[in-house]
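Numbering (full-length UniProt numbering), first residue to last: 1 to 213. Working notes, structure below.
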């Protein structure tokens with residue numbers, strides 16, 4: 001697998017707050033690979049995706065979730081809202097199907113290359129993300145930044161090389177580049193951890209929010 005700071009930090013961040021996800025869980029926009037399912041302790045794990053080829057339990061959009069009100073204990077949705085034409089409506093749907101006292105754990109990008117075109121519509125700041133959830137009626141438990149200037153800078157360079165040389169389809173070449181990606185990536189993450197400056201705080205790869213109904 002090609003090393004990317006964003007993917008490493010995303011996985012670490014979700015695992016850190018995985019204790020909020022329990023009971024009957026809805027993975028909204030689950031995709032084909034349920035990368036984070038093993039992090040959670042749950043009674044039932046429901047998957048929702050618009051693409052039937054991903055074999056979800058529920059085929060449909062986060063804009064119109066075919067579940068009753070107050071029907072799930074937790075919602076996990078990672079890197080999905082940027083692909084939704086109306087993120088506010090999606091967050092309102094999360095609120096509708098979530099039981100009182102239930103939690104959402106949501107991640108979004110602030111900086112990313114175009115991907116899954118043409119269905120790539122938005123990027124989010126922490127303030128925009130906070131507004132979405134407050135306006136839907138949620139109580140914000142926490143919002144956490146993912147990466148800073150150094151990781152973001154390294155991530156974009158790595159993505160450029162991946163796309164330039166089509167490394168996702170050229171495994172032999174990806175292995176050669178991956179050594180440099182690992183060095184660059186780990187160094188950027190280390191420097192981000194050491195750089196406490198306000199300048200670094202203004203940069204982010206993305207955000208994680210935990211919100212309660």
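Glycine included, every Cβ here is placed at the ideal spot set by N, Cα and C. Computed from a predicted model, the values in this text were never measured in an experiment.
Query	Result
With burial defined as no fewer than 16 other Cβ atoms inside 10 Å of the residue's Cβ, what is the status of residue 136: buried or exposed?	buried
When you compare only the Cα positions, how much space is there between residue 22 and residue 161?	39 angstroms
Roughly how many angstroms lie between the CA atoms of residue 119 and residue 155, to the nearest whole one?	21 angstroms
Can you look up residue 120 in the DSSP assignment and give me helix, strand or coil?	coil
Less than 8 angstroms separating the beta-carbons of residue 74 and residue 108?	no
Looking at C-alpha atoms only, which residue of 144, 193 and 93 is the closest neighbour of residue 60?	93
From the DSSP secondary-structure annotation, give me the bridge partner or partners of residue 211.	104 and 140
List the DSSP bridge partners of residue 27.	47 and 76
Within the chosen definition, does the segment 163 to 183 reach the segment 200 to 210 through at least 3 CB pairs nearer than 8 angstroms?	no
State yes or no: is the beta carbon of residue 57 nearer than 8 angstroms to at least one beta carbon in chain C?	In the structure shown, chain C does not exist; there is a single protein chain.
Report the CB separation of residue 99 from residue 70 in whole angstroms; it is logged as a contact under 8 angstroms.	5 angstroms
State the Cα-Cα distance for the pair residue 169 and residue 213, rounded to the nearest angstrom.	43 angstroms
To the nearest angstrom, report how far apart residue 126 and residue 88 are at their CA atoms.	15 angstroms
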